[in-house]
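Undergrad: Read left to right, the sequence shown gives residues 1 to 100 (UniProt numbering). In this text, a Cβ means the ideal position worked out from N, Cα and C, and glycines have one as well.
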Amino acid sequence: MELSPQQLIAYNGTDPSKPIYVAVKGRVFDVTTGSSFYGPGGAYAMFAGKDASRALAKMTKNEEDIISSLDGLSEKEIGVLNDWEKKFEAKYPIVGRVVS
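#1: Give the range of the alpha helix (DSSP H) segment to which D71 is assigned.
#2: Leaving aside the five residues before and after R97 along the sequence, list all residues of the same chain whose C-beta is less than 7 Å from its C-beta, in chain order.
#3: Can you tell me where the alpha helix (DSSP H) holding residue 107 begins and where it ends?
#4: Given a cut-off of 8 Å, decide if G72 and P40 are closer than it, judged by their beta-carbon atoms.
#5: Compute the distance between the beta-carbons of V31 and L56, then report whether it is under 8 Å.
#6: Taking the alpha helix (DSSP H) that A57 belongs to, which residues open and close that run?
#7: For V31, verify whether its CB is less than 7 Å away from any heavy atom of the ligand ADP.
#8: Just mark D83 as buried or exposed, buried being the case when its beta carbon has 16 or more other beta carbons within 10 Å.
#9: Terminal residues of the continuous beta strand (DSSP E) containing G96?
#10: Classify Y44 as helix, strand or coil using the three-state DSSP reduction.
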C-alpha cells in the first residue's frame, strides 16, 4: 500500500474503525496492537498518522520534529533512529510506504 502524508493522517487513531499507523523512514507500520501508546491519550499519540522519523531520532515529542526529514541529523541521531526502526520491525507489521 502506498500512502501520501495526507492519507496517512487518516490512520491517527481517532477513528476506531481504522488501524493506527506510524511511519518510520518512509515505511508504514501498523501499531494498532500498541494502541495504548499510539492511540488517543497515549504517550506517543502525537506520532500516529505521521512519519515520526526525525522525532524518534532526536528522542523528542515536539510537533515540529514529527516529520520525515533526516536533514542535519548527527551520526548518533541516525543510530538512534536505526535502533527505533529495528524495534518497530520486531514488533509491528509493515503495511506500506509513504510516497510524495
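TA: So, from the data block:
#1: For the purposes of this step, residue 71 is identified with residue 71 of the sequence shown, where counting begins at 1. Taken as a continuous stretch (DSSP letters only), D71 belongs to no alpha helix (DSSP H), as it is neither H nor E.
#2: The residue labelled residue 97 in the question sits at position 97 within the sequence shown. Within the same chain, R97 has close Cβ partners E2, G26, R27 and V28.
#3: Residue 107 is absent from the structure shown; the chain starts at 1 and stops at 100.
#4: Taking the first residue of the sequence shown as 1, we reach residue 40 at position 40. Taking the first residue of the sequence shown as 1, we reach residue 72 at position 72. No, Cβ-Cβ distance for P40 and G72 is not below 8 Å.
#5: Along the sequence shown, read from residue 1 onward, the residue named residue 31 stands at position 31. Along the sequence shown, read from residue 1 onward, the residue named residue 56 stands at position 56. Not in contact: V31 and L56 (Cβ atoms no closer than 8 Å).
#6: The residue labelled residue 57 in the question sits at position 57 within the sequence shown. Looking at the DSSP string, the run of the alpha helix (DSSP H) that includes A57 is S53 to K58.
#7: For the ligand ADP, the structure offers nothing, since it holds no ligand at all.
#8: Position 83 of the sequence shown, counted from the first residue, corresponds to residue 83. Classification for D83: exposed.
#9: Position 96 of the sequence shown holds residue 96. Start and end: I94 to V98.
#10: Translated into positions along the sequence shown, residue 44 becomes position 44. Residue state, collapsed to three classes: coil.
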